[in-house]
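Structure first, commentary second.
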Amino acid sequence: QAILGFHVVVSLIVLTVLSKIGSRLSLLRPLVSKLVRYIAPSNDELRALLPPSADNKSTKQRRKRKEEEDANGFNISRQLPFTLKKGLVRIEELEKFPLYSSIHWLCLFAPACVVVVALSEFFLYWNPKSTDINTSIIWLIVGVAFCLQILARLTALLLSSNDEKSLLFSLSILIFFGLFVFTVFVDRLFDISLLDAYTHLRRVAGQMANEEVVIKPESPLLLYLSLVMMFTTIGCSLIFPSFRFATMFQGAYSNAGPIGKIILPSLIILPLFTILTFTHPFRLYMTAGRRVWMTRGELEGARVLLCLAWCLMRVLLCTPFLQVHLDLAYDKVAVLQKQSGKIKNVELQSLILQYYSYLCPAIAQYLTPTALVLFLSLLLKVTTGIAFWGQATVVADTTSPLSPSLSAVFNATVCRSMFSFSLLSVVLLDFSLSLCAFVYNSYLIRRG
Numbered sequence: 041q042a043i044l045g046f047h048v049v050v051s052l053i054v055l056t057v058l059s060k061i062g063s064r065l066s067l068l069r070p071l072v073s074k075l076v077r078y079i080a081p082s083n084d085e086l087r088a089l090l091p092p093s094a095d096n097k098s099t100k101q102r103r104k105r106k107e108e109e110d111a112n113g114f115n116i117s118r119q120l121p122f123t124l125k126k127g128l129v130r131i132e133e134l135e136k137f138p139l140y141s142s143i144h145w146l147c148l149f150a151p152a153c154v155v156v157v158a159l160s161e162f163f164l165y166w167n168p169k170s171t172d173i174n175t176s177i178i179w180l181i182v183g184v185a186f187c188l189q190i191l192a193r194l195t196a197l198l199l200s201s202n203d204e205k206s207l208l209f210s211l212s213i214l215i216f217f218g219l220f221v222f223t224v225f226v227d228r229l230f231d232i233s234l235l236d237a238y239t240h241l242r243r244v245a246g247q248m249a250n251e252e253v254v255i256k257p258e259s260p261l262l263l264y265l266s267l268v269m270m271f272t273t274i275g276c277s278l279i280f281p282s283f284r285f286a287t288m289f290q291g292a293y294s295n296a297g298p299i300g301k302i303i304l305p306s307l308i309i310l311p312l313f314t315i316l317t318f319t320h321p322f323r324l325y326m327t328a329g330r331r332v333w334m335t336r337g338e339l340e341g342a343r344v345l346l347c348l349a350w351c352l353m354r355v356l357l358c359t360p361f362l363q364v365h366l367d368l369a370y371d372k373v374a375v376l377q378k379q380s381g382k383i384k385n386v387e388l389q390s391l392i393l394q395y396y397s398y399l400c401p402a403i404a405q406y407l408t409p410t411a412l413v414l415f416l417s418l419l420l421k422v423t424t425g426i427a428f429w430g431q432a433t434v435v436a437d438t439t440s441p442l443s444p445s446l447s448a449v450f451n452a453t454v455c456r457s458m459f460s461f462s463l464l465s466v467v468l469l470d471f472s473l474s475l476c477a478f479v480y481n482s483y484l485i486r487r488g
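Position one of the sequence shown corresponds to residue 41 (this note's numbering), numbered consecutively onward.
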């Protein structure tokens, strides 16, 4: 411990375990093990349902015709009474689909990151005066970067039609102006203290440059614009996952039983309540009202716990949501069989297969925003010393007029403002875009 430190040792052990038996520990296998997919009928099964035709051709000619049909396809009636077979989703088949490697590593890295953070926090609880380097922060930052990379890949993968590009462009403009208003007034409406962090950073920057410290802050417009541009990019990458979530939520809610209809709305209520806990009126009511319900530190811990509870609920309810996506193949075939006309067999088979082949992007759309909120919540907790029980961990402030270090630049005040703003922005974006998707699916599509 004196050489490496507890946190470094834990990180090395977890990395060793992941490199040896990581594929067996992936969260992806239990998430998809109970999913049922639909299998398209084969060419022979479709031919067996076709009406008999008077064919006087020789056996050689019939064999040649069959080979041509297998190569180029043959027409069948849309109302052909075929049935779809069912089969369980297998990991071996998912490996051939796009984005499998991303969701595999996300489902492997996120639990490992939680284990590292939990062990580090347990160690700090019993050794609060430890000065070891907390490597769990590095794990969490890597996790955030990995989530953003997956979201960028998803957005690039889904921009295939002009309608999707128009939707992305229109919503990106709304996101930009909405985030600009939110950022400018964030300190007035929410318990973020963004200007305090800005003042501290200017003071430390002046000390590093050996200049006279100016206490009065200049206009933080550049800071606002930088944050708006950064989170507008993140918001654009959350558009398609939010619309996918809204579609799966509506399907899961319609298929759920009485208990499910009570549990599922928590996925909408928890983000809304999390946003409310960041507001100044809620903070004043809970910490400075006639009756003090909790301290400031307990309120900050409650915010993190709400985000963690939301992430846990999303993971536990993953199976019914993903099953809704696979059921779209059955719904599409049911609509197709009510139409008149003909369709080629290869078109029918690809129509059924496309929902299964799109399962990996659907999993990424569902899990990546969840993991992003998880990592940001844990970053807020680890860097600011928020405690779920007992007293909060004291984060040392090593500010020095002569040699300000990295810990002095990003002290508890800056980290609290920075990660609170990031967490609130991501939750607010995800919640707002999901509401837009609900309205779009419920009214605009039905009317269209």
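The C-beta atom is built at its ideal place from N, Cα and C for all residues, glycine as well. Here the structure is a predicted model, which is why all the values come from computation and not from measurement.
First and last residue of the uninterrupted beta strand (DSSP E) at L128: By one-based count along the sequence shown, residue 128 stands at place 88. Where L128 is concerned, the enclosing beta strand (DSSP E) stretches over 125 to 128.
Residue nearest to L146 in terms of C-alpha spacing, selected from S66, S206, F217, A158: Here residue 146 is taken as the residue at index 106 of the sequence shown, counted from 1. Answer by Cα proximity: S66.
Using CA atoms only, rank isn't needed, just tell me which of G381, S482, C358 is closest to L407. Translated into the one-based positions of the sequence shown, residue 407 becomes position 367. When each option's Cα is compared against that of L407, the closest is C358.
Which of helix, strand or coil DSSP assigns to N202: Numbered from its first residue, the sequence shown carries residue 202 at position 162. In the three-state reduction of the DSSP assignment, N202 falls in the helix class.
Span of the beta strand (DSSP E) holding Y78? Here residue 78 corresponds to residue number 38 of the sequence shown, with the count starting at 1. Membership of Y78 in the beta strand (DSSP E) is indicated by the continuous run 76 to 79.
Where do the N-terminal and C-terminal ends of the alpha helix (DSSP H) with N83 fall, by residue? Here residue 83 is taken as the residue at index 43 of the sequence shown, counted from 1. Where N83 is concerned, the enclosing alpha helix (DSSP H) stretches over 83 to 89.
Does the beta-carbon distance from I303 to I143 come in below 7 Å? Looking up residue 303 in the sequence shown gives position 263. Looking up residue 143 in the sequence shown gives position 103. Taking 7 Å as the Cβ cut-off, I303 and I143 do not qualify as a contacting pair.
6 Å Cβ shell around S462 - same chain, five flanking residues per side excluded: Within the sequence shown, residue 462 is the residue found at index 422, counting from 1. L416.
Counted within 10 angstroms of its Cβ, other Cβ atoms place D84 as buried (16 or more) or exposed: For this step, residue 84 is matched to residue 44 along the sequence shown. D84 comes out exposed.
Backbone CA spacing between T438 and V129 [nearest angstrom]: Working through the sequence shown from its first residue, we reach residue 438 at position 398. Working through the sequence shown from its first residue, we reach residue 129 at position 89. Interpretation of T438 is limited by its pLDDT of 39, a score under 50 that renders its predicted location unreliable; the figure taken from the coordinates is listed afterwards. Their Cα atoms are separated by approximately 54 Å.
Have a look at the DSSP bridge pairing and note the partners of K382. For the purposes of this step, residue 382 is identified with residue 342 of the sequence shown, where counting begins at 1. DSSP, once it has assigned bridges, lists S117 as partnering K382.
8 Å contact criterion, which S8 and R118 should meet: CB distance rounded: There is simply no residue 8 to check, as the chain begins at 41 and stops at 488 in what is shown.
Using the three-state DSSP reduction, which class does F230 fall into: helix, strand or coil? The count along the sequence shown starts at 1 and reaches residue 230 at position 190. When secondary structure is reduced to three states using DSSP, F230 falls in the strand class.
Could you check if G183 is buried or exposed, using at least 16 other CB atoms within 10 Å of its CB as the buried criterion? Along the sequence shown, read from residue 1 onward, the residue named residue 183 stands at position 143. By the 10 Å Cβ count, G183 comes out buried.
For the region 230 to 248 against the region 275 to 286, are there 3 or more C-beta pairs whose distance is under 8 Å? no
P492 to R330 span [Cα, whole Å]: Residue 492 is absent from the model: the chain starts at 41 and stops at 488.
Same chain, Cβ closer than 7 Å to V50, neighbours up to 5 away in sequence not counted: Translated into positions along the sequence shown, residue 50 becomes position 10. Same-chain partners within the cutoff: V156, L159, S160.
Are the region 189 to 208 and the region 68 to 81 touching, with three or more C-beta to C-beta distances below 8 Å? no
Could you check which residue in N451, K301, L346, N167 has the C-alpha nearest to that of T424? Residue 424 sits at position 384 when you count from the first residue of the sequence shown. Among N451, K301, L346, N167, the Cα nearest to that of T424 is on N451.
What did DSSP end up calling T175 once you bin it into helix, strand or coil? Within the sequence shown, the letter at position 135 stands for residue 175. Looking at T175 - three-state DSSP - the assignment turns out to be coil, as it is neither helix nor strand.
For the putative contact between A286 and F478, defined by C-beta atoms under 8 Å, what is the C-beta separation to the nearest angstrom? Residue 286 sits at position 246 when you count from the first residue of the sequence shown. Residue 478 sits at position 438 when you count from the first residue of the sequence shown. With a Cβ gap of about 5 Å, A286 and F478 count as contacting.
Closest to D227 by CA distance: which of L475, M458, V413, L399 is it? Within the sequence shown, residue 227 is the residue found at index 187, counting from 1. Closest by alpha carbon: M458.
If you measure between the beta carbons of T273 and F216, is that distance less than 7 Å? Locating residue 273 in the sequence shown gives position 233, where the first residue counts as 1. Locating residue 216 in the sequence shown gives position 176, where the first residue counts as 1. Against a cut-off of 7 Å, the Cβ pair of F216 and T273 comes out as no contact.
Identify the continuous alpha helix (DSSP H) that holds E133 and give its terminal residues. Numbered from 1 along the sequence shown, position 93 holds the residue referred to as residue 133. Residues 131 to 134.
Would you call the CB atoms of V344 and T175 closer than 7 Å? Counted from its first residue, the sequence shown places residue 344 at position 304. Counted from its first residue, the sequence shown places residue 175 at position 135. Contact flag unset, no.
Is the region 358 to 373 touching the region 332 to 339 in the sense that three or more CB pairs, one from each, lie closer than 8 Å? No: the two stretches stay apart, fewer than three of their Cβ pairs being nearer than 8 Å.
Please tell me whether V150 and A411 are closer than 7 Å, where the distance is taken between their beta carbons. Taking the first residue of the sequence shown as 1, we reach residue 150 at position 110. Taking the first residue of the sequence shown as 1, we reach residue 411 at position 371. Residue identity check: residue 150 is Ala in the sequence provided, not Val. In this structure, A411 lies closer than 7 Å to A150 by Cβ.
Can you give, in chain order, each stretch of the alpha helix (DSSP H) that sits fully within the region 384 to 430 and has at least 4 residues? The qualifying runs are 385 to 397, 399 to 424.
Nearest to L399 (by Cα), restricted to the options G45, F313, S73, S474: One-based indexing of the sequence shown puts residue 399 at position 359. Just measuring C-alpha positions, the residue of G45, F313, S73, S474 sitting nearest L399 is S73.
At which residues does the alpha helix (DSSP H) containing L278 begin and terminate? In the sequence shown, counting from the first residue as 1, residue 278 sits at position 238. Careful: L278 lies outside any alpha helix (DSSP H) and carries neither H nor E.
Taking the alpha helix (DSSP H) that M458 belongs to, which residues open and close that run? Walking along the sequence shown from the start, residue 458 turns up at place 418. That run of the alpha helix (DSSP H) goes 452 to 479.
Considering only their Cβ atoms, is the gap separating L89 from L120 smaller than 7 Å? One-based indexing of the sequence shown puts residue 120 at position 80. One-based indexing of the sequence shown puts residue 89 at position 49. Cβ atoms of L120 and L89: closer than 7 Å.
How about Y264 and T223: are their beta carbons less than 7 Å apart? Within the sequence shown, residue 264 is the residue found at index 224, counting from 1. Within the sequence shown, residue 223 is the residue found at index 183, counting from 1. Closer than 7 Å, so yes.
With C-beta atoms as the reference, is T56 less than 7 Å away from A237? As a working mapping, residue 56 is identified with position 16 in the sequence shown. As a working mapping, residue 237 is identified with position 197 in the sequence shown. Cβ atoms of T56 and A237: not closer than 7 Å.
Consider the Cβ of R243: report whether some Cβ of chain C lies at a distance smaller than 7 Å. The question asks about chain C, but that chain is absent: this structure has only one protein chain.
As assigned by DSSP and simplified to three states, the class of T335: Counting from one through the sequence shown, the residue named residue 335 turns up at place 295. Correct three-state label for T335: coil.
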